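> First, the structure itself, so that you have it in front of you.
2 protein chains.
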Amino acid sequence: MNKPIILVTNDDGINAPGLRHLINIMRTIGKVVVVAPQSTMSGTAHSITVRSPLRVEEIVKEKDYEEYSCNGTPVDCVKLGEQIVLRHKPDLLVSGINHGSNASINVIYSGTMAAVLEACIDGIPSIGFSLLDYSSKADFRYCDEYVKIIAENVIKNGLPSGVCLNVNIPTVNGAEIKGIKVCRQAKSKWVEEFDERKDPRQKDYYWLTGRFERLENGKDTDEWALENNYVSVVPVHFDFTAHYAIEDINKWKLNA
Amino acid sequence: MNKPIILVTNDDGINAPGLRHLINIMRTIGKVVVVAPQSTMSGTAHSITVRSPLRVEEIVKEKDYEEYSCNGTPVDCVKLGEQIVLRHKPDLLVSGINHGSNASINVIYSGTMAAVLEACIDGIPSIGFSLLDYSSKADFRYCDEYVKIIAENVIKNGLPSGVCLNVNIPTVNGAEIKGIKVCRQAKSKWVEEFDERKDPRQKDYYWLTGRFERLENGKDTDEWALENNYVSVVPVHFDFTAHYAIEDINKWKLNA
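Just so you know, the sequences run in chain order B and C. Read in order, the letters of the first sequence are residues 327 to 582 in the numbering used here. Read in order, the letters of the second sequence are residues 327 to 582 in the numbering used here.
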């Protein structure tokens, strides 16, 4: 069998240590093409660039390894990677390793997971990896084994149609990771705490900050798994329909 | 009963005709507070502004009506509206009326619907409205009846916990709207068609364009409803877990 072609991206930007680490792992599995944002794009979610032109810069082009930066978002990187760089679909897309959690509600704000969902919409098996350590000096080494097992399983088994994976890895601080748990997204939210300041002209401005609030402790959730030193794997899809609510809302007799 | 407090936002910006129209309808129902982006923010999805400061500018402050613009995204507008402008939760959040469809896969790219989901995460009943006409001269008048019926029903009945509504209104071109249908999100995708150009220095650049592709014709979908001159109402949630896939992936024996 030919080596699988793996498209790699992230939202922390082309120079992020987490991306470099993911590239090295993927190069042991297949032919790697990196298309990643020039600079940090965290919190960009599923945004796309429609009001300004996109550019792609070649950084490395060798046999079995290519690397490009792009002035767009993670979702733009996936679109450009497929249509302009590869000119065909890769066998796998991986995104990350993100510096910080994309578990529970973080999935909705995440550029890392947006890239994964975009590839999934296009029918490409795709996985997002995140380490629960925001530091630029985070130790990604102990992620290797788990990233590799999960990527190889996705290549071997495929994924159900319309499903991608959100993988989060706990910071264990010397303890051992207990294994991998397939979970559901925990209920949680960010409580905004704006940092209110005045500029030198005495005009108000605000920095967005927040406090993470867990809203449940279900043992089948990603938050529980991570707190208990498991790698969490949540199968994610892009059907946002709350199917169970259709019947309820139909009772309103909107057409009376 | 006191007038409900309604927070209004959009992603086309504070001056968009669709927003003006929605404000006028909401003023017949309650006390209205508008917090909308200074300029167009379509395609920003669920992005948040974390790397630059946010500002809020007061435009109108009357009894029962206030209007503010903000330099952030639609999601920032919801957070600032709650925490800085109102300093409490509104009774309802509405977003739109968007110039163009947010049906089917468009929900994932939509700033309009991101604002709605953000309010939903915070437990606020919330609705996004979109008209299937991208023109700045779109005729929003015939939306009034449906926007009002749906908003009043949400105020009266509430919404199931963690559920918000994605409402799309067809362009009927003189024909009659047949009624309102509660639907699921249709399977569809955008097929990228980058417009490849050279700048005056002969360097490549790309404009993101695309072609919408419907992947099914189920009669219980929003796309079917809209094509058949119904207003579509999709209950949407922020649990992205593909629950049905958990069992499948557990068969992989990732911990072998």
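Backbone N, C-alpha and C define an ideal beta-carbon position, used for all residues, glycine too. Bear in mind that the values here come from a model prediction, so they are computed numbers and not experimental data.
#1: Terminal residues of the continuous beta strand (DSSP E) containing Y531 (chain C)?
#2: Exposed or buried, which one is P363 (chain B) when buried takes at least 16 other CB atoms within 10 Å?
#3: Express the C-alpha separation of T535 (chain C) and T375 (chain C) in angstroms, rounding to a whole number.
#4: Mapping DSSP to helix, strand and coil, what is E553 (chain C)?
#5: Decide if V498 (chain C) is buried, meaning its Cβ has at least 16 other Cβ atoms within 10 Å, or exposed.
#6: Return the residue from the list C:Q528, C:G344, C:I481, C:F538 that minimises the CA-CA distance to K513 (chain C).
#7: Where are the alpha helix (DSSP H) runs, 4 residues long or more, that stay fully inside the segment 465-534 of chain B, in chain order?
#8: Would you say K585 (chain B) lies against chain C (beta-carbon separation less than 8 Å)?
#9: For R540 (chain C), which residues does DSSP report across the bridge?
#10: Determine the chain C residues that contact N432 (chain B) at a beta-carbon separation under 7 Å, and present them in chain order.
#11: Express the C-alpha separation of I503 (chain B) and P496 (chain B) in angstroms, rounding to a whole number.
#12: When you compare the CB of W533 (chain B) with every CB in chain C, is at least one pair closer than 8 Å?
#13: Find the residues of chain C that neighbour K294 (chain B), judging by a C-beta separation of less than 8 Å, and give them in chain order.
#14: Since Q511 (chain B) meets chain C, which of its residues come closer than 7 Å, beta carbon to beta carbon?
#15: Might you give, ordered along the chain, the residues of its own chain that have their beta carbon closer than 6 Å to the beta carbon of T370 (chain B), omitting 5 neighbours on each side?
#16: Going straight from the alpha carbon of D448 (chain C) to that of H372 (chain C), what length do you get?
#17: Do the CB positions of I453 (chain C) and C490 (chain C) come within less than 8 Å of each other?
#18: Please confirm if the segment 401-413 of chain B is in contact with the segment 406-414 of chain C, defined as three or more CB-CB distances below 8 Å between the two stretches.
#19: Could you tell me which residues DSSP pairs with I331 (chain C) in its beta bridges?
#20: Among C:N479, C:Q528, C:G488, whose alpha-carbon lies nearest the alpha-carbon of L541 (chain B)?
#21: Does the segment 473-482 of chain B come close enough to the segment 552-567 of chain C to have 3 or more Cβ pairs within less than 8 Å?
#22: With a threshold of 8 Å between beta-carbons, can G369 (chain C) be considered close to chain B, or not?
#23: Can you have a look at E384 (chain C) and say buried or exposed, based on whether 16 or more other CB atoms are within 10 angstroms of its CB?
#24: Kindly indicate which three-state DSSP category Y391 (chain B) falls into: helix, strand or coil?
#25: According to DSSP, is T300 (chain C) helix, strand or coil?
#26: For V517 (chain C), I'd like the list of residues in its chain whose CB is within less than 7 Å of its CB, leaving aside the five on either flank, ordered along the chain.
#27: Step through the CB atoms of chain B and report whether any lies within less than 8 Å of the CB of K474 (chain C).
#28: In three-state terms, what does DSSP make of H414 (chain B)?
#29: Between D521 (chain C) and the rest of its own chain, which residues show a CB-CB distance below 6 Å, the 5 nearest in sequence each way excluded?
#30: Quick check: is the beta carbon of V442 (chain B) nearer than 8 Å to any beta carbon in chain C?
To lay it out plainly:
#1: 530-533
#2: buried
#3: 25 Å
#4: helix
#5: exposed
#6: The shortest C-alpha to C-alpha distance from K513 (chain C) to any of C:Q528, C:G344, C:I481, C:F538 is the one to C:F538.
#7: Segments of the alpha helix (DSSP H) lying fully in the segment 465-534 of chain B: 470-483.
#8: With chain B represented from 327 up to 582, any question about residue 585 (chain B) goes unanswered, as that position is not in the structure.
#9: C:S514
#10: Going along chain C, no residue has its Cβ under 7 Å from N432 (chain B), so there is no contact; the nearest lies around 11 Å.
#11: 8 Å
#12: yes
#13: The requested residue 294 (chain B) is not part of the displayed model; chain B covers only 327 to 582.
#14: D565, F566, T567
#15: T399, G437
#16: Approximately 14 Å between the Cα atoms of the pair.
#17: yes
#18: no
#19: Beta-bridge pairing by DSSP links I331 (chain C) to C:K357.
#20: C:G488
#21: no
#22: yes
#23: Exposed.
#24: strand
#25: As shown, chain C starts at 327 and ends at 582. That puts residue 300 (chain C) outside it, with no answer to give.
#26: G536, R537, E539
#27: no
#28: coil
#29: W533, T535
#30: no
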